[in-house]
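Peer 1:
There are 2 protein chains.
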Amino acid sequence: MAAPRRAPTAHDVAALAGVSQSAVSRCFTPGASISEETRQRVQAAAEQLGYRPNLIARSLIKRRSTIIGVVIPGLQNPFYAAMLEALSADLATAGYRILLFNAPARGTPDPVLDEMLNYRVDALILVSSSLSSGLADECQKIGLPVVQLNRTTERSTVSSVVGDNHGGAEAIARFLLACEHERFAFIAGLETSSTGKAREAAFLGTLGAAGKPVARGVANYAFEEAEGIARQMLGGANPPDAIFCASDHMAIAALGVARTEFGLTIGRDISIVGFDDIQMAGWPQISLTTYRQPVRAMSSRAVAMIEAQLQGTGTGSGLSEVVPGDLVVRGSTREPAHGVIDLGYERVWRP
Amino acid sequence: MAAPRRAPTAHDVAALAGVSQSAVSRCFTPGASISEETRQRVQAAAEQLGYRPNLIARSLIKRRSTIIGVVIPGLQNPFYAAMLEALSADLATAGYRILLFNAPARGTPDPVLDEMLNYRVDALILVSSSLSSGLADECQKIGLPVVQLNRTTERSTVSSVVGDNHGGAEAIARFLLACEHERFAFIAGLETSSTGKAREAAFLGTLGAAGKPVARGVANYAFEEAEGIARQMLGGANPPDAIFCASDHMAIAALGVARTEFGLTIGRDISIVGFDDIQMAGWPQISLTTYRQPVRAMSSRAVAMIEAQLQGTGTGSGLSEVVPGDLVVRGSTREPAHGVIDLGYERVWRP
DNA sequence: TTGAAAGCGCTAACAC
DNA sequence: GTGTTAGCGCTTTCAA
């Protein structure tokens, strides 16, 4: 009924318990030296008042917030949702909380990052986005660990964890060749993404070496744009019989267009391959052949890197790690002449 | 090359600029009175040092962190991912950051919440989870705004925003009756969820009034469990010809089983309806009839409630708001005798 | 073991 | 307009 009061402080508890305020602090500090008797008294008083230690004040003095800033784009893409969930679990286990920034998919998240740094996060994890060189320098100067997930930089000062974009895209190219396709197409995500560029280079490179040209479109990792590009490709003069999309999300869009608008039988008339292996790729209605990015492994590697840097052993800064995946074969592609291995619960391509 | 130093403080800037530390503070406070000349000096010094105001210190003194705690379960369910994205956007616009807690889908998130409160978040948004009565009391005592999203409580002190669970489920029942179905089934999410109970009550109630019994299973909002239940129902003695699933995610699982394992033609042999209208429900491969929960509207209502409570006008605490949706008709159901309205971009049922 | 005292980096009166 | 002075709620020496 009374007006909303302010939360009780350690002082209030101390007064009630008849001890000093520092005694209260000790009571809530794991390894502190405090007698059993006073701890009881303090405990009781704290309970009675509903006292909870103010972690804001604590981080001010400790210079550690146990909060880690996570910048991540469009959660509508299930790949990012899965990554965030994995990060959330791994960071919670490591004793960290997440300050979340849902970055715009395109463009630099600098203003947003600026804010994060002001909150004195203990580290930064950037999913599919990168630091401006200015900010990178600043982070290094103040010793703030940063790791980029699913993106690399030329800057050697920031660490990164990525899937095997090169190996994956190359495997996909070889796989489609083994399926005896003739007319290839590639639907790119963002022109600027290091990840996307690596996939494209490997795909085009491998097919180029085999003397195959590749049609190309850019869909900015957006579902609707991917539908548009697929529509245009399939409605064109010399339509592809094999499309590699730089993400599952776009591949599923293409799949829908091919089946619904062009009446194609997927896996016979055309093969469509994605990248990521999001949950939906395994749905029977979708059944998308795709290169798996092991989200959980990537997340835990990123968190391990952060922890290493936080440990301050100097290790871990500027490292770049590649987490290998698997080409999972499902119904959206023709059957290749060789190389498919049945693991029971799924089939993979290992030529 | 040098060892990692600590970030510069307002003091350092003041020293360099030859002004007092409070001048520095004023320089970074929007409406403060400061001469153009000193602001320049401070600005320059700050830039040179790479100074950034410490928001932790600021929140300590202001007793406002501009951080809002968001508790949300399994991001693997696209409904939650979409909700988080909406909240993130709305809260950013309102000037807040998100401290994220990915709660376990089942069970009470109390320990997690405890932590959040210690971080002195300005408010709490709980998606699909609820507060223990003890914590609810505590929040009210310290005047901390709390709103539950997609869940209600009997406790009148905490506000909530929900979709129209009753109206939606009733509409689905009437719709399936209009499709002249005979053998109904319901796949529940969590037994404990207020939302799920409301859907079930309305569905069973409406069909009961029409003299129709309803088979029932519980799948805990989990994809695999929903597949199991669907398998069991369809393989049983008197298989249903109409299934309502308490979420799209589960409905899509059922859809896959019905089509792939039982060879049923969806929309003819059987109708399957979901709830939420996640993005995938609209994919041509899925084409799920479902009751839409307007995620964006729900998010912005929740944020508005928070802001009202923060404004301290006393308004908004203990309010419960229902956001109406639409029954979106797609290919997973038979065509009803009447009531379908074509809006051009989609079809809805409004009898 | 315990309390007193000095801050962590900042904002907010209050004089000047 | 500007500096001085108190704190915000806590941790951490340092003596006692």
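Residue numbers (the working numbering), protein chains in the order written: chain U, 1 to 351; chain Y, 352 to 702. Even glycine gets a Cβ: it sits at the ideal position worked out from N, Cα and C.
#1: Along chain U, which residues have their Cβ under 9 Å away from the Cβ of N405 of chain Y?
#2: Which one of U:I125, U:A222 and U:A94 has the shortest CA to CA distance from M83 of chain U?
#3: Is DSSP giving F186 of chain U helix, strand or coil here?
#4: Would you call the region 7-27 of chain U in contact with the region 49-63 of chain U, where contact means no fewer than 3 C-beta pairs closer than 8 Å?
#5: Is the beta carbon of V673 of chain Y sitting closer than 7 Å to the one on R643 of chain Y?
#6: Please report the Cβ distance between P73 of chain U and S129 of chain U, rounded to the nearest whole angstrom; I am assuming they are in contact, meaning their Cβ atoms lie under 8 Å.
#7: Please report how far the alpha carbon of E576 of chain Y lies from the alpha carbon of P284 of chain U, in whole angstroms.
#8: Would you list, in chain order, the members of the region 281-310 of chain U that have their beta-carbon closer than 8 Å to a beta-carbon of chain Y?
#9: If I'm right that I67 of chain U touches L113 of chain U with Cβ under 8 Å, what's the distance once you round it to whole angstroms?
#10: Could you give the distance in angstroms between the alpha-carbon of G335 of chain U and the alpha-carbon of K212 of chain U?
#11: Quick one: measure Cβ to Cβ for F184 of chain U and L176 of chain U, integer angstroms, because I've assumed they're closer than 8 Å.
#12: Assuming C179 of chain U and S271 of chain U make a contact with CB atoms under 8 Å, what is their CB distance in whole Å?
#13: Quick check on this structure: which residue in Y:E505, Y:C596 and Y:L615 has the alpha carbon closest to the alpha carbon of G586 of chain Y?
#14: By how many angstroms is the C-alpha of D326 of chain U removed from the C-alpha of P294 of chain U?
#15: In angstroms with no decimal places, state the Cα-to-Cα distance between N165 of chain U and F244 of chain U.
#16: Let me know the secondary structure DSSP gives G256 of chain U once reduced to three states.
#17: Does any CB atom of chain Y fall closer than 7 Å to the CB of G263 of chain U?
#18: Would you kindly check if the distance between the Cβ of T289 of chain U and the Cβ of T440 of chain U is under 7 Å?
#19: Is G547 of chain Y near A597 of chain Y, with beta carbons less than 7 Å apart?
#20: Which residues in the same chain have their Cβ closer than 8 Å to the Cβ of S371 of chain Y, if we skip the five residues on either side of it in sequence?
#21: Could you confirm whether any beta carbon from chain Y is found closer than 7 Å to the beta carbon of G318 of chain U?
#22: Which runs of the alpha helix (DSSP H) spanning at least 4 residues fall entirely within the region 362-442 of chain Y, listed in chain order?
#23: Using only the alpha-carbon positions, how far apart do S651 of chain Y and T504 of chain Y sit?
#24: Is the beta carbon of A45 of chain U closer than 7 Å to that of A89 of chain U?
#25: By Cβ distance below 7 Å, which residues in the same chain neighbour V393 of chain Y in space, the five residues on each side in sequence not counted?
#26: Any beta carbon from chain U within less than 7 Å of S386 of chain Y's own beta carbon?
#27: For the alpha helix (DSSP H) containing E227 of chain U, name the first residue and the last one.
#28: Please name the residue or residues paired with A136 of chain U in a DSSP beta bridge.
#29: From the DSSP secondary-structure annotation, give me the bridge partner or partners of Y642 of chain Y.
#30: So if I threshold CB-CB distances at 7 Å, which residues from the region 237-248 of chain U count as touching chain Y?
#31: Mind listing the chain Y neighbours of Q148 of chain U? Cutoff is C-beta to C-beta under 9 Å, in chain order.
#32: May I ask which residues mark the beginning and end of the beta strand (DSSP E) holding S159 of chain U?
#33: In the DSSP assignment, find the beta strand (DSSP E) that holds R448 of chain Y and state where it starts and stops.
#34: Which residue or residues does DSSP assign as beta-bridge partners of Q285 of chain U?
#35: Give the C-beta separation of E436 of chain Y and Q76 of chain U to the nearest angstrom, bearing in mind that I take them to be a contact with Cβ-Cβ under 8 Å.
Peer 2: A quick look at the data gives this:
#1: L60, N118, Y119 and R120
#2: U:I125
#3: strand
#4: yes
#5: no
#6: 7 Å
#7: Going by the C-alpha atoms only, they are around 16 Å apart.
#8: W283, P284, Q285 and I286
#9: With 8 Å as the limit, I67 of chain U and L113 of chain U do not qualify as a contact, their Cβ atoms being about 14 Å apart.
#10: Here the sequence assigns Glu to residue 335 of chain U, which means Gly is not the residue at that position. Using only the alpha carbons, I get a separation of about 20 Å.
#11: 7 Å
#12: 6 Å
#13: The shortest C-alpha separation from G586 of chain Y is found at Y:L615.
#14: 9 Å
#15: 13 Å
#16: It is helical.
#17: no
#18: Since the first residue shown for chain U is 1 and the last is 351, residue 440 of chain U is missing from the structure and cannot be characterised.
#19: yes
#20: For S371 of chain Y, where only same-chain residues beyond five positions count, the Cβ hits under 8 Å are A365.
#21: No - not a single Cβ of chain Y is within 7 Å of the one on G318 of chain U.
#22: Listed in chain order, the complete alpha helix (DSSP H) runs (minimum 4 residues) inside the region 362-442 of chain Y are 372-378, 387-400 and 406-413.
#23: 20 Å
#24: no
#25: V364, A368, V370, A374, V375 and C378
#26: Among the CB atoms of chain U, none fall inside 7 Å of the CB of S386 of chain Y.
#27: F223 to G235
#28: Paired residues: none, contrary to the question.
#29: Y:F626 and Y:L678
#30: For the region 237-248 of chain U, the set of positions with a beta-carbon nearer than 7 Å to some beta-carbon of chain Y is empty.
#31: Those within 9 Å of Q148 of chain U in chain Y number zero; the least Cβ separation is about 19 Å.
#32: S159 to G163
#33: R448 to N453
#34: Note: Q285 of chain U sits in no beta bridge, so no partner.
#35: 6 Å
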